[in-house]
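The block underneath contains the structure these notes are about, expressed in structure tokens.
Chains as they are written, first to last, in my numbering: chain A, 62 to 575; chain B, 720 to 1012.
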């Protein structure tokens, strides 16, 4: 086809060698002037390391959460109105239940792909928060939170808090026997806040438990308020990442002044799109083949009913564990009751943990007096005290997590529940103090080892005529040496024909100045 | 939520209550005082007009849903022989809980417990106990046959004929929906809503219901083995039948329309799958496609 320009004035380059794409882009640039910004963006360099992709798991499971969540919200009815169930699941036939529970059972059984969507949503939530924790651990142990990235760390901790809160809200929405028990516990936790507890609980629940408005309120919080805030914070998180550029591990040719990695287009874009599909695929497989939260087996929530052995989803388990093992202390005086057995494990403890996470960059700076800008990451072994502190907190959390299944452990190993309870009390208390020195010692040893974590190269030992021996390390393996293209200036316009650069066989890694 | 299924785990689960439940009858006997005592009272008050009482003792719960039958008296002689072989060391030659000289411990009096009790303990493999001094009487493959259990029950019943007899549950008319509601109200607090059982306080366990035959479910409800309450007056036979129907269908054969049931472990199992398959799997894929240096 020839050039079809309505004015009759032929374009100087026609479609050029990129055909319609080029034409569309040119049309867009002529009107909006996007070429320069797009060029900069497409040339953005992303350091390539597998651990930098952990955050992508978080991002893409968030995408899955939003997509499946929209589907679920089309069928879920956020209402405490009591209805009688006459659906396809026979064991619930004729049972009075809230409309929320009835609609969740119906969307599982009577809506095409409804159960798949519900299970994908739940698995995605579990993976979302799980990968968030792993991503956070990566950032912590490599020191990526240091100046200038403290703000992004703060946003990340806020996102984790909101994700846990929203996970709990979503878990509560079906109003089944188990989630109703969870809401009951949340109500008690609110009540236990000293002085304002009663007012706080009544304010959130619109009166006494269970009330008639809590599901409606949780629904709006779960599908609108919290996700909106999270979406904004995710945007800010990524914008800061682009603005400040990604950190990189130290290595051949990598300095504080440059970024070594692959450009946004085409390498990073192709990789990350593929990874989006992988994350979605894994979640879809889990949603299709692994049953999660079979609420129809639990029946509707009713205050007179209770199931033994109720656990929350895994990310709330550390709170549940703390509640389980805390001794029954409480304070009654001056006309007030403070149930310390709830206040300390469920209000004070998470407050301290998240407070510590928020404060860590400042705390570390106070100790190290390190006020420099850091773009190069630490190997965890190079900072044994920070690494050991992180491991100690993780050990504490892991033990609290285990403590949330005291009954499962007692049943599985056929031990007395009381023995398990006391064992967990001891383990939780000593775990950070045991973990710290072990992690510290390992980190120090690893740091002292030359070339730890790299492939070993042989030492060539030669003997001279005089009989002296000399060991010369052989050069590193070719794959172990970073291979980079020379720094290229970012062009300010699109050269359609492009400069005549002979393509070099490489992985497309390039270094640019920050 | 759900719990561990494998019978060997639950086996131990009955833990200390093994001897304890029966031990209540032996209060008068010498030896260590049993730590755990079974409730022999009726749990709750009758709410059904089909319950028939005679001198305050329940004699019938309304026979159209469950038939209670006494073991045939013709087996008495065989039963006595089997009793002396398998039971008399601890429970005494007269089944009154006074053990043979030289045996220590507190053992329950079996007279007047009713054939269903005797049948349940023998047919669930809990009796004869592996170690009579042990507090453990886990569920295991029965040592005696159905015929032999009936015979022993027949002999003990002949000492003082008592209720309940061995139940035959007519499951055909059972209603799983009523069964589920009753199960959630009466059973889930210990056996969990998925029927997997769990550890209770101080080495006591609620066993899993995953592999228990209908007759034994009904026997357990009516006789209250171990720490379990006896559900007599407050559940009619129709209601027991509905519970047994729910247990033997939805609990024992869950349909799991969502895929693999993950062992009915609830959020514990789900969390492990999410973290080990989901997060760790995706991190491995990242490790695979990303740069490793």
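C-beta: ideal position from N, C-alpha, C; glycine also.
Remember, it's a predicted structure, so these values are computed and weren't measured experimentally.
{"query": "In or out: residue 432 (chain A) buried (at least 16 other Cβ within 10 Å) or exposed?", "result": "exposed"}
{"query": "Exposed or buried, residue 358 (chain A), counting other C-beta atoms within 10 Å across all chains shown (16 or more means buried)?", "result": "buried"}
{"query": "Using Cβ-Cβ distances below 7 Å, what residues of the segment 464-481 of chain A are close to chain B?", "result": "466, 468, 469, 471, 472, 473, 475, 477, 478, 479"}
{"query": "Considering only the beta carbon of each residue, do residue 924 (chain B) and residue 940 (chain B) sit closer than 8 Å?", "result": "no"}
{"query": "Leaving out five residues on either side along the sequence, give the residues of the same chain with a beta carbon under 6 Å from the beta carbon of residue 255 (chain A).", "result": "399"}
{"query": "Keeping to the same chain, check which residues put their C-beta closer than 6 Å to that of residue 841 (chain B); ignore five residues upstream and five downstream.", "result": "863, 868"}
{"query": "Helix, strand or coil for residue 367 (chain A)? Go by DSSP, reduced to three states.", "result": "coil"}
{"query": "Using the three-state DSSP reduction, which class does residue 237 (chain A) fall into: helix, strand or coil?", "result": "strand"}
{"query": "Let's test the definition: count the other Cβ atoms within 10 Å of the Cβ of residue 110 (chain A) and tell me whether it reaches 16, buried, or not, exposed.", "result": "buried"}
{"query": "Please confirm if the segment 304-311 of chain A is in contact with the segment 437-446 of chain A, defined as three or more CB-CB distances below 8 Å between the two stretches.", "result": "yes"}
{"query": "Jot down the residue ranges of each uninterrupted beta strand (DSSP E) in the segment 76-153 of chain A, minimum 3 residues, whole runs only, in chain order.", "result": "143-145"}
{"query": "Please classify residue 259 (chain A) as buried or exposed, where buried requires at least 16 other C-beta atoms within 10 Å of its C-beta.", "result": "exposed"}
{"query": "From residue 82 (chain A) to residue 572 (chain A), what does the alpha carbon distance come to, in whole angstroms?", "result": "28 Å"}
{"query": "Residues in the segment 998-1010 of chain B with C-beta within 7 Å of chain A's C-beta atoms, listed in sequence order?", "result": "998, 1000, 1001, 1002, 1004, 1005, 1006, 1008, 1009, 1010"}
{"query": "List the residues of chain B that residue 340 (chain A) touches, going by C-beta distances under 8 Å, in chain order.", "result": "1001"}
{"query": "According to DSSP, is residue 917 (chain B) part of a helix, a strand, or is it coil?", "result": "strand"}
{"query": "Going by beta carbon distance, what residues of the same chain come within less than 8 Å of residue 366 (chain A), once the five residues before and after it are set aside?", "result": "238, 360"}
{"query": "Please state whether the Cβ-Cβ distance between residue 40 (chain A) and residue 381 (chain A) is less than 8 Å.", "result": "Lying outside 62 to 575, the shown extent of chain A, residue 40 (chain A) is not represented and no answer is given."}
{"query": "Whole-angstrom Cβ separation of residue 133 (chain A) and residue 178 (chain A), contact assumed at under 8 Å?", "result": "6 Å"}
{"query": "Can you tell which of B:865, B:857, B:788 has the C-alpha that lies nearest to the C-alpha of residue 801 (chain B)?", "result": "B:865"}
{"query": "Assign residue 905 (chain B) to one of three DSSP states: helix, strand, or coil.", "result": "helix"}
{"query": "Between the segment 137-144 of chain A and the segment 274-281 of chain A, do three or more beta carbon pairs fall short of 8 Å?", "result": "yes"}
{"query": "By a C-beta neighbour count over all protein chains shown, 10 Å radius and 16 as the cutoff for buried, is residue 530 (chain A) buried or exposed?", "result": "exposed"}
{"query": "Tell me the rounded alpha-carbon separation between residue 1004 (chain B) and residue 336 (chain A).", "result": "9 Å"}
{"query": "With a cut-off of 8 Å, does the C-beta of residue 271 (chain A) fall near any C-beta of chain D?", "result": "Among the protein chains of the structure shown, namely A and B, there is no chain D."}
{"query": "Within 10 angstroms of the Cβ of residue 969 (chain B), are there 16 or more other Cβ atoms? Answer buried if so, exposed if not.", "result": "buried"}
{"query": "Identify whether residue 881 (chain B) lies in helix, strand or coil by the three-state DSSP scheme.", "result": "coil"}
{"query": "Excluding sequence positions up to five away, which residues of its chain have a Cβ less than 7 Å from the Cβ of residue 401 (chain A)?", "result": "390, 391, 392"}
{"query": "Can you list, in chain order, the residues of its chain with a C-beta nearer than 6 Å to that of residue 331 (chain A)? Leave out the 5 residues immediately preceding and following it.", "result": "none"}
{"query": "Considering just the uninterrupted stretch of the alpha helix (DSSP H) at residue 298 (chain A), what are its terminal residues?", "result": "287-305"}
{"query": "Any idea if residue 264 (chain A) is buried or exposed, counting beta-carbon neighbours within 10 angstroms, 16 or more meaning buried?", "result": "exposed"}
{"query": "Using a Cβ-Cβ cutoff of less than 6 Å, which residues in the same chain neighbour residue 787 (chain B) once the five nearest sequence positions on both sides are dropped?", "result": "883, 884, 886"}
{"query": "List the whole-angstrom C-beta distance separating residue 574 (chain A) from residue 318 (chain A), where the pair is believed to meet the contact cut-off of C-beta under 8 Å.", "result": "6 Å"}
{"query": "Could one say the Cβ of residue 831 (chain B) lies closer than 8 Å to chain A's Cβ atoms, at least one of them?", "result": "no"}
{"query": "What is the DSSP secondary structure of residue 965 (chain B), counted as helix, strand or coil?", "result": "helix"}
{"query": "Would you mind sorting residue 1010 (chain B) into buried or exposed? The rule is 16 or more other CB atoms within 10 Å of its CB.", "result": "buried"}
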